Amino acid sequence: MSIDWVNFTPWSALAGGALIGLAASVFALANGRVAGISGLLGSLLQRGGEERGEKGAFILGLLLAPLLWGISADLPAIHFETGSLGLIVAGVLVGVGTRYGSGCTSGHGVCGISRLSPRSLAATLCFMAAGFATVFVLRHLLRG
0 MSIDWVNFTP WSALAGGALI GLAASVFALA NGRVAGISGL LGSLLQRGGE
50 ERGEKGAFIL GLLLAPLLWG ISADLPAIHF ETGSLGLIVA GVLVGVGTRY
100 GSGCTSGHGV CGISRLSPRS LAATLCFMAA GFATVFVLRH LLRG
């Protein structure tokens, strides 16, 4: 493994992580709930969900942030090594995983671990291990 030192940007990554933490903290303080994105999105899609305006504004902010960034700076190039079918399968698997795990990376990994939740720690360890195993299998065992 080698590090691409030319494109290594620890300060922007640190700033992005701090902004994610700040957004999750403000959401928790203002609403008394964690900012689990799959839960927020799921409750927006349900009939009769409560606090739809705040949840919708949070999700809208997530969608608008890259567009606003694109106005002031060049967006990084995105390269997928799979086709549409691979992306669809990956999205479905992530969606199923968030339902079985009762949350997603933001709910468990960002908000749950910061609250010292044992369940969130276990969930985060499981989805990280699954991600590591998936990358290893796809990149080293199936590429032959």
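For the sequence shown, position 65 matches number 64 in numbering that gives the first Met the number 0, and the numbering has no gaps at all.
Yeah, the Cβ is synthetic: ideal placement off N, Cα and C, and Gly gets one too.
Since the model is a prediction, treat every value here as computed from it, not as a measurement.
Residue environment, residue i, which counts as buried when at least 16 other CB atoms sit within 10 Å
i    : result
L62  : exposed
S119 : buried
F131 : exposed
A122 : buried
G102 : buried
Where residue i falls: helix, strand or coil (DSSP)
i    : result
A76  : coil
L6   : What sits at residue 6 in the sequence shown is Asn, not Leu. If DSSP states are grouped into helix, strand and coil, N6 belongs with coil.
E50  : coil
V33  : coil
C103 : coil
R114 : coil
R98  : helix
S71  : helix
R138 : helix
S42  : helix
S119 : helix
S1   : coil
Unbroken alpha helix (DSSP H) run spanning residue i, endpoints
i   : result
T81 : No alpha helix (DSSP H) holds T81; DSSP gives it neither H nor E.
Whole-angstrom distance between residue j and residue i, CA atom to CA atom
i    : j    : result
I36  : S105 : 6 angstroms
G100 : L86  : 21 angstroms
G69  : A129 : 32 angstroms
C110 : G38  : 12 angstroms
T97  : E53  : 22 angstroms
F57  : L43  : 11 angstroms
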